[in-house]
Each structure stands twice: as structure tokens, then as C-alpha cells.
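Colleague: Residue numbers for the sequence shown follow the UniProt record's numbering, beginning at 1 and rising by one.
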Amino acid sequence: MPRDAGINAFLVSLHKEGRYWFGLHRQEDKWVWMDGTALGTGYNRWAPREPYILAGSCAMYEKADDCWYASRCGKTVHFICQVSPSAAPDK
Numbered sequence: 001m002p003r004d005a006g007i008n009a010f011l012v013s014l015h016k017e018g019r020y021w022f023g024l025h026r027q028e029d030k031w032v033w034m035d036g037t038a039l040g041t042g043y044n045r046w047a048p049r050e051p052y053i054l055a056g057s058c059a060m061y062e063k064a065d066d067c068w069y070a071s072r073c074g075k076t077v078h079f080i081c082q083v084s085p086s087a088a089p090d091k
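This is the structure we're talking about:
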């Protein structure tokens, strides 16, 4: 979950061009992460005039312009997952 510029830059460096789900969605009247915490007023990469609520209830990252967009949750795009080191599978 890109909750700050450093994590966002790291995630961006790992992926090629494209669009990605990254675990942010709208729940009632606020945007929340998959772990249930609110986006709040901290770091975000919303594109100008976003989030456009009528576009959808999930946030999608667009690498070409390094911004987030509201989108239909059922759209087929790549995804980025974050797990803690203790949750990583054994090799």
C-alpha cells in the first residue's frame, strides 16, 4: 500500500508500464485500504479532478502518468500486493 512517497517510488520501480490495483477502495463515503484503515488526508497520488466517484469505487494506479484514478472494481488490470516478511511463503 503506497502510503508515502518512498513506498510509492519503490513499487513504481518494480513494474513496467501499465495499470495496477493497489488495495484502495471506496467504502460508503471514504477511501480505505484493504486492511480497513482510512486513506485520510495524508499521502496520495490522485490525478487532477480525481477521485471521480462516478468512474468507480476502486483506485487504480496508472504508471504512464504516475497517478491514481477511480475505476470500476471489476476492470481487468495488473495488481500490486504487499505482505509482511513474516507472512511471506517459505521457499
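Each residue gets a CB set at the ideal place from its N, CA and C atoms; glycine is no exception.
The beta strand (DSSP E) that contains residue 23, what's its start and end?
Modeller: As a first step, residue 23 must be located in the sequence shown, where it is residue number 23. First-last of the beta strand (DSSP E) with residue 23: 19 to 27.
Colleague: Note down the Cα distance separating residue 56 from residue 43, rounded to an integer number of angstroms.
Modeller: Taking the sequence shown and counting its residues from 1, one reaches residue 56 at position 56. Taking the sequence shown and counting its residues from 1, one reaches residue 43 at position 43. Approximately 21 Å, taken between the alpha carbons.
Colleague: Quick check: the Cα distance between residue 72 and residue 86, rounded to an integer number of angstroms?
Modeller: In the sequence shown, residue 72 corresponds to position 72, counting from 1. In the sequence shown, residue 86 corresponds to position 86, counting from 1. So the two alpha carbons sit approximately 32 Å from each other.
Colleague: Can you tell me which of the three DSSP states residue 71 falls into?
Modeller: Within the sequence shown, the letter at position 71 stands for residue 71. Correct three-state label for residue 71: strand.
Colleague: Helix, strand or coil for residue 64? Go by DSSP, reduced to three states.
Modeller: In the sequence shown, the residue the question calls residue 64 occupies position 64. Coil at residue 64, not helix or strand.
Colleague: Taking the beta carbon of residue 52 as the centre, do at least 16 other beta carbons fall within 10 Å, making it buried, or is it exposed?
Modeller: Numbered from its first residue, the sequence shown carries residue 52 at position 52. Label assigned to residue 52: exposed.
Colleague: Would you kindly work out how many angstroms separate the C-alpha atoms of residue 79 and residue 32, rounded to a whole number?
Modeller: For the purposes of this step, residue 79 is identified with residue 79 of the sequence shown, where counting begins at 1. For the purposes of this step, residue 32 is identified with residue 32 of the sequence shown, where counting begins at 1. Using only the alpha carbons, I get a separation of about 17 Å.
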